[in-house]
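Okay, so here's the structure we're looking at.
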Amino acid sequence: MLTDLPEGVPVLATTATANARVTADVAEQLGTGARRTRWCCGARWTGKA
Numbered sequence: 001m002l003t004d005l006p007e008g009v010p011v012l013a014t015t016a017t018a019n020a021r022v023t024a025d026v027a028e029q030l031g032t033g034a035r036r037t038r039w040c041c042g043a044r045w046t047g048k049a
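In the UniProt record's numbering, the protein residues as written are 1 to 49.
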């Protein structure tokens with residue numbers, strides 16, 4: 001999946017326990033300005049079981 005991204009696309013990988021608040025905080029501190037999308041095990045995370 002990562003190899004399919006265009007060069008220069010920022011990626012922030014976190015553990016499964018990192019919630020949206022933590023992920024947003026880390027992204028803000030890194031200053032990427034990137035849009036955040038959550039993925040789990042190669043599939044987009046919907047937050048639904």
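Cβ coordinates follow ideal geometry from the N, Cα and C atoms, glycine included.
Just so it is clear, the structure is predicted and the values come from calculations on it, not from any experiment.
Worksheet item: Do you know offhand how far residue 30's Cα is from residue 7's?
Response: For the purposes of this step, residue 30 is taken as residue 30 along the sequence shown, with counting starting at 1. For the purposes of this step, residue 7 is taken as residue 7 along the sequence shown, with counting starting at 1. Distance between the alpha carbons of residue 30 and residue 7 is about 18 angstroms.
Fill in: Span separating the alpha-carbon of residue 28 from that of residue 15
Residue 28 sits at position 28 when you count from the first residue of the sequence shown. Residue 15 sits at position 15 when you count from the first residue of the sequence shown. Those two C-alpha atoms are separated by around 17 angstroms.
Worksheet item: Just reading off the alpha helix (DSSP H) that residue 25 is part of, what are its end residues?
Response: Within the sequence shown, numbered from 1, the residue matching residue 25 stands at position 25. Residues 20-30.
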